[in-house]
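> Numbering (the working numbering), first residue to last: 1488 to 1688.
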Amino acid sequence: MSLKEKILDLLDKTDRQGIDEVMQWLSTSGFFEAPASTNFHGNYEGGLAEHSYNVYTAAMGLRTMALKLNPSLEEQLPEDSVVLATLLHDVCKADVYKSVVKSRKNSFGTWEKYDGYEVDYSNFPLGHGEKSVIVLLRLGLDMTDAEIAAIRWHMTAWDLPFQSAEAKGNINMAKEKYPLCALVQLADGFASALMEETVRQ
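Written out as structure tokens, the structure reads:
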């Protein structure tokens, strides 16, 4: 089974209202072809889907550990919520990367061309986590408050306007109120730092 088939199969099994539209959009939006970044983890074709699946895998492992330590969390960490929040947390990136030819100096000090990516936010310039949430809601996906918060705040403070006391308060409250939020944040950091590679350019 290909990575695309695995992701679509997991999403389909949630049987959530609107998931068919989301799966169709993923297949036509460039999600499965996009990199996860330009210069960091998963900065190659297909890196976004790979990263999303890695976050899901990490989150399910962390969920198992958390439930062993605190079984009362099971109701707050349902499997379908983990599937949706992890596999769809970065749908905001599906249409922001474009292939370009870049220049760099090689080890001999000579300029050379190489294939890379640049970011173009002009299609729907709304930020990161909030863009993912809005795209999914517009596609008709029925989401819980916990899933919305987990996707919105998955970047932790990296996506936080530091001048905004309100945003700081919101991210802290989301982590306290929704264990799913903390789980997705942990899994995202774990996957990008420990499970994925960066192609040096």
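We put the CB at the ideal spot given by N, CA and C, even for glycine.
Identify the residues that DSSP records as bridge partners of Asp-1602: which are they?
Counting from 1 along the sequence shown, the entry for residue 1602 is found at position 115. In the DSSP output, where bridge partners are listed per residue, Asp-1602 has Val-1588.
> How would you call Thr-1515, buried or exposed, if buried means at least 16 neighbouring beta carbons within 10 angstroms?
Residue numbering aside, residue 1515 sits at position 28 when the sequence shown is read from its first letter. Counting Cβ neighbours within 10 Å, Thr-1515 comes out exposed, since fewer than 16 surround it.
> By Cβ distance below 7 Å, which residues in the same chain neighbour Glu-1561 in space, the five residues on each side in sequence not counted?
Locating residue 1561 in the sequence shown gives position 74, where the first residue counts as 1. The answer, listed in chain order, is Leu-1554.
> Going by C-alpha distance, which of Tyr-1665, Leu-1624, Glu-1653 and Arg-1625 is nearest His-1641?
Residue mapping note: residue 1641 aligns to position 154 of the sequence shown, counting from 1. Checked all of Tyr-1665, Leu-1624, Glu-1653 and Arg-1625; the closest Cα to His-1641 is Tyr-1665.
> Just to confirm before moving on: does the CB-CB distance between Val-1542 and Leu-1623 stay below 9 Å?
On the sequence shown, position 55 is the one that residue 1542 refers to. On the sequence shown, position 136 is the one that residue 1623 refers to. No, the Cβ-Cβ distance between Val-1542 and Leu-1623 is not below 9 Å.
> Report the three-state DSSP secondary structure of Arg-1550 (helix, strand or coil).
Counting from one through the sequence shown, the residue named residue 1550 turns up at place 63. If DSSP states are grouped into helix, strand and coil, Arg-1550 belongs with the helices.
> In this structure, does DSSP put Trp-1512 in helix, strand or coil?
Within the sequence shown, the letter at position 25 stands for residue 1512. Helix, per DSSP.
> Expressed to the nearest angstrom, what Euclidean distance is found between the alpha-carbon atoms of Glu-1486 and Leu-1513?
Residue 1486 is absent from the structure shown; the chain starts at 1488 and stops at 1688.
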